[in-house]
Each structure stands twice: as C-alpha cells, then as structure tokens.
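Engineer: Dropping the structure in here first, questions after.
There are 2 protein chains.
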Amino acid sequence: MAAANLTILDIAKEAGVSPATVSRVLSKHTNVSPSTAQRVREVVDKYSYQPNSIARGLLQRQSHVLGIIMPDIKHPYYASVFSAAQREAGSAGSVVQLYRLAYNSAITDDFISHLIERRLDGALLCGGFIEPSDPKDLSAVLKHLQQYMPIVTICPPIQGLDCVNIFPDLEGGIKKEVGHLARLGHKRIAFIGATQETRSVGERELGFRMEAERLSVKPVLHYENIHTPAMGESSVQRLLGSLPRSAWPTALIVVNDLMALGVLKGLRRMGLRVPEDIAVVGSDNQFFSEYTDPPLTTLDLNAEELGQLSMRQLLHARDSKPASYSQVRDPMLIVRESCGASLSGRTAALLEGGVYA
Amino acid sequence: MAAANLTILDIAKEAGVSPATVSRVLSKHTNVSPSTAQRVREVVDKYSYQPNSIARGLLQRQSHVLGIIMPDIKHPYYASVFSAAQREAGSAGSVVQLYRLAYNSAITDDFISHLIERRLDGALLCGGFIEPSDPKDLSAVLKHLQQYMPIVTICPPIQGLDCVNIFPDLEGGIKKEVGHLARLGHKRIAFIGATQETRSVGERELGFRMEAERLSVKPVLHYENIHTPAMGESSVQRLLGSLPRSAWPTALIVVNDLMALGVLKGLRRMGLRVPEDIAVVGSDNQFFSEYTDPPLTTLDLNAEELGQLSMRQLLHARDSKPASYSQVRDPMLIVRESCGASLSGRTAALLEGGVYA
DNA sequence: AAAGGTCTTGCAAACCTTTTCATTGCGTGA
DNA sequence: TCACGCAATGAAAAGGTTTGCAAGACCTTT
C-alpha cells in the first residue's frame with residue numbers, strides 16, 4: 011500500500027547532500043546555505059516526500075499525540091470537551107486520540123498500560139470516574155501513569171493525586187438552582203440523579219442537600235441507573251407514581267439535561283404542564299436545552315472552555331512550562347422558562363448572578 | 011517525566027536472556043521454553059515494563075492508528091459515527107485519532123501531508139466534503155493519500171475515486187418522506203436545506219425534486235447558510251414571512267434534525283401548531299428527535315452501523331484482506347407525530363416500509 | 001553410533017530520523 | 001601573513017524494537 015515509501019536518504023542522495031542537511035532544511039532551517047536549501051526543497055517537492063513522524067518520535071521521545079479518556083463521545087458534554095481539546099492540541103501541532111473508558115468500569119492497570127505503551131505526550135482524563143472500592147486505588151493507578159506522562163483531570167478532584175484539575179463547582183451550581191427555586195416559592199424540590207457517574211452526581215447531591223436544608227426546603231431524592239432521556243422519562247413517572255399527589259414535589263432538579271429531556275416528555279405524557287404544574291431545571295446546558303418546550307432552565311458548565319483550558323495546561327506540562335494550576339469554574343445559571351420564572355425571570359436571574367436567555 | 015524509562019535491553023539483561031527472547035515472550039510466544047518465558051515474565055512484571063509502541067511501529071510499518079476525518083464531532087451524527095468506529099478499531103487493538111476538517115474548507119495537500127506524516131494505518135473520511143471547483147481535484151488529492159494508506163469514505167460517492175464507500179441513500183430517503191407526506195394529502199411541501207454540506211444536501215434535494223414532480227407536489231426550496239438549530243428557527247420564520255399565507259407550504263422537510271429542532275421552536279413562536287397547522291419532518295434521526303414536542307418524524311440513517319461497518323472495511327483493507335465492497339444503506343422512515351400521521355401512523359409507516367415509534 | 005530433526009536462543013541488521021561532534025573552507029582582524 | 005571565528009556540511013551514533021539467519025542443544029530413527 012505504502013507504495014511511495016522513500017526516505018530522507020533517497021532525498022539526500024538525489025539532492026547530493028547528506029541526510030543531516032535535508033533534516034535541517036525540513037525542520038528549523040538553521041545554518042544551511044540558501045542555495046542548498048533551495049535545491050533540497052525542490053527535490054522534496056518533486057517527490058512530495060513526507061518525513062516519517064514515527065521515526066522522529068522515537069528519537070525525540072515526543073509523539074505529539076495526546077490521549078483523551080472519556081466514557082461516551084456521544085454525550086454532548088463530552089463531545090464539547092473533546093472538540094475544544096482537539097482544537098487546542100491541533101493549533102499546537104499535536105493530535106489527539108480517544109480512549110473510551112466505560113461509565114461503570116474502573117481504570118485498570120491494563121488500561122493504563124495501553125496508554126503507556128503508546129508513549130503519549132500526555133493524557134486528559136475526563137469524566138466522573140467511579141470511585142473504586144478503595145479510594146487509594148484510583149490515585150495509585152494514576153500516579154503510576156504520571157510517571158510516564160503528565161495528566162490533567164476534568165472531574166471532581168481526586169484525593170491524593172497531585173495534578174492539574176479543572177472542573178466546574180457542581181455543588182455550588184446546584185445550590186444556585188435550589189436557591190432560585192426556593193425564591194420562586196418552591197417548598198418541596200426533588201433531585202433526579204443517576205447512579206452512573208458517582209462522583210460528579212455526588213457533588214451535585216451534596217449541594218442539593220445542603221442548600222435544601224439551609225433554606226428549609228423539603229428534598230426528595232430519586233435515582234436511576236443510567237442517564238439517558240429514556241431513563242428520565244421513566245424515572246419521573248416512577249417518582250410521581252410512588253408518591254401521593256399531595257406529597258408531590260413542585261419542582262424537579264435533574265442531574266443533567268439529557269435526562270431532563272426525558273423528564274419533560276414524561277410529564278407531558280402524564281398530562282402535566284411545565285412549569286405551571288411542576289417546574290423542571292436541568293444542570294448542564296446542552297445545545298438542545300434552548301429548544302425544548304418549554305426551554306429549559308439550567309446550569310452552564312462551559313464544557314468548551316473546560317476542554318480548551320485543560321488541554322492548554324496539559325501542553326504546558328508536557329513542555330515543562332510552569333504555570334500549572336488547578337481551578338474550579340463557576341457554573342452559570344441560565345434562566346429560561348421551565349422553572350416558571352418567565353415573568354420575573356430577568357430579576358431572578360440577576361439575583362443569582364446568571365443570565366436570562 | 012518519563013522517569014521509569016527502561017527498555018527491552020534492561021529486561022533482557024535482568025532476566026539473563028537476549029532482547030530477542032524477551033520480544034518473543036511478549037508478542038506471539040513462539041518457540042520459547044516455558045521456563046524462560048516464566049522468568050522473563052517475572053522480570054517484566056517486576057518492573058512493569060511496557061514495550062515502546064513507537065519503536066515497534068517504526069519497524070513493523072504499522073502504527074495501529076487509524077485516522078478519522080470529520081467536520082464536527084459535536085454534531086450528534088458525527089459523534090455516533092466516530093463512537094462506533096472507535097469501538098470497532100479498539101476491539102481490533104487499534105486506536106483512533108480525530109482530524110477535524112471544517113465544513114467549508116476543501117481537503118488541501120497540506121492536510122493530506124499531515125495524515126501521511128503520521129503514517130496512519132488508514133483513514134476514514136466522513137462528511138459531505140465540499141466539491142472543489144474542479145471535481146477532479148478532490149479525487150486527485152485523495153488518490154495521492156491512497157498511495158500511502160487505505161481509505162474508506164462515508165459520504166456521497168466521489169467520482170473517479172476507487173475506494174470502499176458506505177453511505178445511506180439520502181435521495182431515496184427523502185423520496186420516502188415526500189411520498190409519505192403526499193399520501194397524507196400534502197400538496198405543497200417545502201425543503202429547508204443548508205448550503206454547508208453541499209454534496210449530501212444535494213442528494214437530498216435531488217430526491218425531493220424528483221419525487222415532488224412525480225407526485226405533482228409543489229416544491230418550495232429554501233436554503234440557509236449553516237445547519238444549527240438557531241438557523242432552523244430563523245429560517246422557517248424567514249421562509250413563511252416571505253410568502254403570502256395562501257402560498258404557505260403545508261409540510262416542511264428539514265435537511266437534518268438539528269435544524270428541525272429550531273424549526274419546531276420557530277413555528278411555536280409564530281403561534282403555529284405542529285402538525286395541525288403545518289407538518290414537519292426531519293431527516294437524520296438523532297437522540298433528541300424522539301423527545302421533541304411533538305416527536306419528530308424522520309429518517310434513520312443508522313450512523314452507528316455506518317461507523318462500525320466502515321471501520322471494519324478499513325481494517326480489512328489495512329490487513330489486505332479481500333471482501334472490500336461499497337454499499338448504500340437504505341434509510342428507514344420513522345413515523346412519529348410531527349407529520350400528522352398519528353392516527354393512521356401505523357398504516358402509513360407500513361406503506362413506506364418504516365416503523366411507527 | 002551416526003545422521004538428521006526439532007526446539008530454543010542469540011546475533012545483528014533493519015526501521016528512519018535527529019543531533020552531536022568534527023571537519024572544511026572562508027573571511028576578518030591583528 | 002597568521003590565527004582565529006564562524007558558517008556550512010557530513011559522519012556517525014542513538015532511539016527501542018522485531019525478525020531472519022545461524023548455531024547450539026537435545027532427541028529420535030535407522
């Protein structure tokens with residue numbers, strides 16, 4: 011297949027110079043006379059020679075390949091992170107590889123081995139990794155990986171692991187939502203979570219519990235196995251079905267907008283109006299959230315910024331530049347119509363420091 | 011960073027054998043005595059040694075890396091294709107890299123050079139690439155790439171290019187939709203397209219025109235620049251705004267479900283009911299299409315199958331196995347409520363050979 | 001007992017590039 | 001004119017693995 015497989019040696023011979031000179035012309039053209047450079051370039055063009063980046067990588071100990079680990083590229087959140095990270099890497103002349111780590115599977119040594127074997131320049135770990143039975147396992151495994159390449163995590167901080175971590179403050183975000191709903195008069199609020207991404211769901215739940223207590227709002231928790239729209243649809247039916255109407259929550263906080271999409275449909279099927287009968291808010295603003303009926307009040311996590319920033323940090327770390335830092339991003343409340351704040355929306359949004367869109 | 015950087019030589023020395031033997035133990039353990047193998051494996055485990063796949067790649071002329079070229083991983087269609095392709099590659103022990111080729115940019119020699127430089131094992135080209143001014147350019151550029159690696163395309167077939175091509179029959183798909191709508195009594199149907207993905211939109215438009223003529227349905231064409239939900243929203247307002255009410259189409263075929271999402275919102279904003287006032291159908295069933303209000307009648311392109319199949323073909327080609335073939339997939343009409351067939355839906359769906367979901 | 005196998009292992013080449021070091025040639029300042 | 005510095009170039013090593021070839025060891029068969 012690789013029919014035209016000529017090497018730097020062939021080019022050198024044809025141009026009547028040494029391979030070293032060709033290499034110099036092709037990379038940083040230092041100390042090579044214009045006439046020679048010209049001649050070499052002509053031969054290179056003539057045969058449209060492409061240096062073999064594998065050989066280069068071997069010598070330079072840099073593959074210019076970054077790994078991105080995430081559970082599901084089809085999830086819009088991950089797609090956004092990935093897209094931004096890819097772009098950032100690309101503009102630095104590097105390329106990204108996707109490694110899938112399923113939602114409910116721990117990071118095994120085998121998995122790590124794959125990454126090491128590839129001699130990646132760095133790894134971006136994105137996703138609320140399941141906390142293994144012994145929390146030390148996770149950091150131990152990742153520390154092993156760290157001996158080979160820099161890593162940056164986009165998930166709730168991992169205890170005992172020293173690396174750049176960039177993640178939104180989910181706990182604070184949910185508090186904003188609870189506060190917003192409480193201010194609209196809701197006294198009984200339910201949280202519909204998913205047991206899948208243990209750690210990121212946990213942060214949200216914590217924020218929910220704390221703020222609910224602080225504001226004397228009665229919390230109702232409900233969990234489903236996975237977070238798909240279908241699960242959202244069935245979960246809301248199950249939740250409300252299990253409660254006497256008098257005990258129904260008046261507002262629903264859904265762990266992510268994908269499930270909220272299903273929740274909205276479930277409520278529609280039950281003949282309930284949103285937000286008149288029950289308010290619904292999501293929690294990770296996706297492209298479709300603006301187009302649901304009614305448009306979904308939610309939290310913007312700024313996934314693109316997360317991806318770009320973390321990749322930038324990873325590249326810095328690879329080039330052993332300093333400036334590595336960890337930081338927590340502040341999610342922004344986006345008030346739309348599903349929370350019932352339409353009339354006083356602008357005011358309410360202002361109170362939470364969010365926007366009314 | 012790569013602190014623990016020991017080589018096969020170190021392992022060989024420690025185990026008291028030659029590097030060749032270590033290599034043999036680690037790969038296909040052919041002809042190596044059990045006791046030696048045991049000893050080597052112990053040392054490997056002790057130091058948790060990982061062979062350098064870069065060095066291996068150099069020698070074997072196989073990188074075990076496949077490239078996937080697409081315009082936008084955030085688009086659910088591409089995400090699905092990518093996801094399935096990644097999975098398929100992964101189960102064959104290979105890894106995928108994403109290369110982004112923006113919607114409106116042609117495949118340049120520079121771009122191709124990048125791929126060649128990386129010495130990929132193959133490339134998957136996914137997306138309705140803009141036909142360059144001279145159609146021969148495209149196939150010429152790709153033929154150049156083909157000299158270095160096998161390629162598989164997931165787009166309308168490219169004239170003059172001999173490679174495996176897997177793509178749904180968009181033309182036929184739209185015909186099914188037109189037929190379906192005509193059967194429901196629609197006489198004036200509009201097609202809302204996007205000028206972005208010239209070739210795949212073109213196929214759809216062709217099917218639309220042909221079938222509209224055959225069935226004596228009056229077609230109305232309308233184009234927008236890019237296909238985002240926002241564009242869908244504004245486009246439908248512009249389309250209807252430009253026509254006297256008496257000339258309004260009674261049904262809208264939207265080039266993809268992302269835009270249809272916006273169209274639905276635009277109609278809602280104009281106070282029009284779907285499907286009572288105007289019917290809407292999409293054309294590439296996405297995860298959210300089932301959850302719109304009303305649920306969207308659309309065409310299922312089976313993106314996952316596309317991704318899996320094409321990657322499988324690519325891997326076959328890499329291993330120079332025969333069985334390469336091109337094929338056109340038949341999109342399936344999914345009748346939901348937005349087309350107004352809810353009552354006779356099951357029947358109508360049957361007529362088109364689709365499903366009623 | 002000799003000849004011929006089979007199994008195991010090591011040697012060394014090969015993969016293709018980059019980079020250090022040395023060499024050559026030329027110009028310049030003393 | 002001599003010595004010195006600098007620009008341009010080449011030779012060769014290095015990077016880590018795989019694999020063809022050959023050799024050695026051990027066993028079987030006649």
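Top line first, the protein sequences correspond to chains Z and W.
By our numbering, the letter at position 236 of the first sequence is numbered 246, and the numbering carries on one by one without gaps.
By our numbering, the letter at position 231 of the second sequence is numbered 241, and the numbering carries on one by one without gaps.
For each residue, glycine too, the CB sits at the ideal point set by N, CA and C.
Since the structure is predicted, the reported quantities are computational estimates derived from the model, not experimental observations.
State yes or no: is the beta carbon of residue 164 of chain Z nearer than 7 Å to at least one beta carbon in chain W?
Structural biologist: Here residue 164 of chain Z corresponds to residue number 154 of the first sequence, with the count starting at 1. So, not an interface residue.
Engineer: Would you identify the three-state DSSP class for residue 355 of chain W, choosing helix, strand or coil?
Structural biologist: To locate residue 355 of chain W, count along the second sequence from 1; it is residue 345. Reliability fails at residue 355 of chain W, whose pLDDT of 48 lies under 50, so the model's placement of it is uncertain and the value that follows must be treated cautiously. Three-state result, residue 355 of chain W: helix.
Engineer: Would you check if there are 3 or more beta carbon pairs closer than 8 Å linking the segment 69-81 of chain Z to the segment 103-116 of chain Z?
Structural biologist: Contact holds: three or more Cβ-Cβ distances are below 8 Å.
Engineer: In this structure, what does DSSP give as the bridge partners for residue 228 of chain Z?
Structural biologist: Looking up residue 228 of chain Z in the first sequence gives position 218. For residue 228 of chain Z, which the question treats as bridged, DSSP gives the partners Z:198.
Engineer: Which first and last residues belong to the beta strand (DSSP E) in which residue 177 of chain Z is found?
Structural biologist: Numbered from its first residue, the first sequence carries residue 177 of chain Z at position 167. Segment 174-178, the beta strand (DSSP E) holding residue 177 of chain Z.
Engineer: When we look at the beta-carbon of residue 310 of chain Z and count the other beta-carbons within 10 Å, is it buried (16 or more) or exposed?
Structural biologist: Residue mapping note: residue 310 of chain Z aligns to position 300 of the first sequence, counting from 1. Buried.
Engineer: As a quick exercise: from W:84, W:258 and W:328, pick the residue whose alpha carbon is nearest that of residue 313 of chain Z.
Structural biologist: Reading the first sequence from its first residue, position 303 is the one you call residue 313 of chain Z. It is W:84.
Engineer: If I follow the unbroken beta strand (DSSP E) through residue 76 of chain Z, where does it start and stop?
Structural biologist: Position 66 of the first sequence, counted from the start, is the residue given in the question as residue 76 of chain Z. 75-80 is the span of the beta strand (DSSP E), which, as asked, contains residue 76 of chain Z.
Engineer: Using a cut-off of 7 Å between C-beta atoms, extract the partners of residue 108 of chain Z located in chain W.
Structural biologist: Along the first sequence, one-based indexing puts residue 108 of chain Z at 98. Within chain W, the residues near residue 108 of chain Z are 96, 106 and 108.
Engineer: Residue 321 of chain Z by DSSP, collapsed to three states: which one?
Structural biologist: Reading the first sequence from its first residue, position 311 is the one you call residue 321 of chain Z. Three-state result, residue 321 of chain Z: helix.
Engineer: Mind listing which residues of the segment 250-267 of chain Z have their C-beta closer than 9 Å to chain W's C-betas, in chain order?
Structural biologist: If the cut-off is 9 Å between Cβ atoms, the segment 250-267 of chain Z has nothing near chain W.
Engineer: Between the segment 293-301 of chain Z and the segment 229-240 of chain W, can you find at least three pairs of beta-carbon atoms closer than 8 Å?
Structural biologist: Flag = yes, the segment 229-240 of chain W and the segment 293-301 of chain Z touch.
Engineer: Taking just the CA atoms, how far does residue 346 of chain W sit from residue 169 of chain Z?
Structural biologist: Translated into the one-based positions of the first sequence, residue 169 of chain Z becomes position 159. Translated into the one-based positions of the second sequence, residue 346 of chain W becomes position 336. C-alpha separation (whole angstroms): 48 Å.
Engineer: Between the C-alpha atoms of residue 149 of chain Z and residue 201 of chain W, what's the straight-line distance to the nearest angstrom?
Structural biologist: Along the first sequence, read from residue 1 onward, the residue named residue 149 of chain Z stands at position 139. Along the second sequence, read from residue 1 onward, the residue named residue 201 of chain W stands at position 191. Roughly 54 Å between the two C-alpha positions.
Engineer: Can you have a look at residue 268 of chain W and say buried or exposed, based on whether 16 or more other CB atoms are within 10 angstroms of its CB?
Structural biologist: In the second sequence, residue 268 of chain W corresponds to position 258, counting from 1. When all chains shown are included, residue 268 of chain W counts as buried.
Engineer: Return the CA-CA distance between residue 112 of chain W and residue 124 of chain W, expressed in angstroms with no decimal places.
Structural biologist: Looking up residue 112 of chain W in the second sequence gives position 102. Looking up residue 124 of chain W in the second sequence gives position 114. Their backbone Cα atoms lie some 15 Å apart in a straight line.
Engineer: So, for residue 207 of chain Z: in the same chain, excluding its five sequence neighbours on each side, which residues have a beta-carbon less than 6 Å away from its beta-carbon?
Structural biologist: Here residue 207 of chain Z corresponds to residue number 197 of the first sequence, with the count starting at 1. The answer, listed in chain order, is 138.
Engineer: Exposed or buried, residue 114 of chain W, counting other C-beta atoms within 10 Å across all chains shown (16 or more means buried)?
Structural biologist: Stepping through the second sequence from its first residue, residue 114 of chain W is reached at position 104. With fewer than 16 other Cβ atoms within 10 Å, it is exposed.
Engineer: Below 9 Å on C-beta distance, what does residue 123 of chain Z contact in chain W?
Structural biologist: Position 113 of the first sequence holds residue 123 of chain Z. Ordered by position in chain W, the residues that pass the 9 Å Cβ test against residue 123 of chain Z are 58 and 60.
Engineer: By Cβ distance, which residues of its chain are closer than 7 Å to residue 59 of chain Z, with the 5 residues on each side in sequence left out?
Structural biologist: Taking the first sequence and counting its residues from 1, one reaches residue 59 of chain Z at position 49. So the qualifying residues of the chain are 16 and 21.
Engineer: Would you call the CB atoms of residue 179 of chain Z and residue 303 of chain W closer than 7 Å?
Structural biologist: One-based indexing of the first sequence puts residue 179 of chain Z at position 169. One-based indexing of the second sequence puts residue 303 of chain W at position 293. It is not a contact, given that the beta carbons lie outside the stated cut-off.
Engineer: So the candidates are Z:43, Z:274, Z:217 and Z:62; which of them puts its Cα closest to the Cα of residue 307 of chain Z?
Structural biologist: Indexing the first sequence from 1 puts residue 307 of chain Z at position 297. For residue 307 of chain Z, the nearest C-alpha among the options comes from Z:274.
Engineer: Sort out for me which residues DSSP pairs residue 119 of chain W with in a bridge.
Structural biologist: By 1-based counting over the second sequence, the position of residue 119 of chain W is 109. In the DSSP output, where bridge partners are listed per residue, residue 119 of chain W has none listed.
Engineer: Is it the case that the segment 160-175 of chain Z contacts the segment 189-196 of chain Z, given that we only count it when at least three CB pairs across the two stretches are under 8 Å?
Structural biologist: Not touching, per the Cβ criterion.
Engineer: Return the chain-ordered list of same chain residues with a C-beta closer than 8 Å to the C-beta of residue 32 of chain Z, the five sequence neighbours on each side being excluded.
Structural biologist: Locating residue 32 of chain Z in the first sequence gives position 22, where the first residue counts as 1. So the qualifying residues of the chain are 18, 21, 22, 25, 50 and 54.
Engineer: For a quick check, are the C-beta atoms of residue 285 of chain Z and residue 348 of chain Z less than 7 Å apart?
Structural biologist: In the first sequence, the residue the question calls residue 285 of chain Z occupies position 275. In the first sequence, the residue the question calls residue 348 of chain Z occupies position 338. Yes; because the gap between Cβ atoms is below 7 Å, this pair is in contact.
Engineer: Please state whether the Cβ-Cβ distance between residue 337 of chain Z and residue 176 of chain Z is less than 7 Å.
Structural biologist: Mapped onto the first sequence, residue 337 of chain Z falls at position 327. Mapped onto the first sequence, residue 176 of chain Z falls at position 166. Yes, they are a contact pair.
Engineer: Since residue 303 of chain W meets chain Z, which of its residues come closer than 7 Å, beta carbon to beta carbon?
Structural biologist: Translated into positions along the second sequence, residue 303 of chain W becomes position 293. Residues of chain Z passing the Cβ test: 278 and 303.
Engineer: So which residues on chain Z does residue 65 of chain W lean against when the C-beta distance must stay under 8 Å?
Structural biologist: If you number the second sequence from 1, residue 65 of chain W lands on position 55. Within 8 Å Cβ-Cβ: 68.
Engineer: Anything in chain W within Cβ reach of residue 272 of chain Z, meaning under 8 Å, just list it in chain order.
Structural biologist: Counting from one through the first sequence, the residue named residue 272 of chain Z turns up at place 262. In chain order: 301.
Engineer: Nearest to residue 122 of chain W by alpha carbon, out of W:218, W:153 and W:98?
Structural biologist: Residue mapping note: residue 122 of chain W aligns to position 112 of the second sequence, counting from 1. Cα-wise, what sits closest to residue 122 of chain W is W:153.
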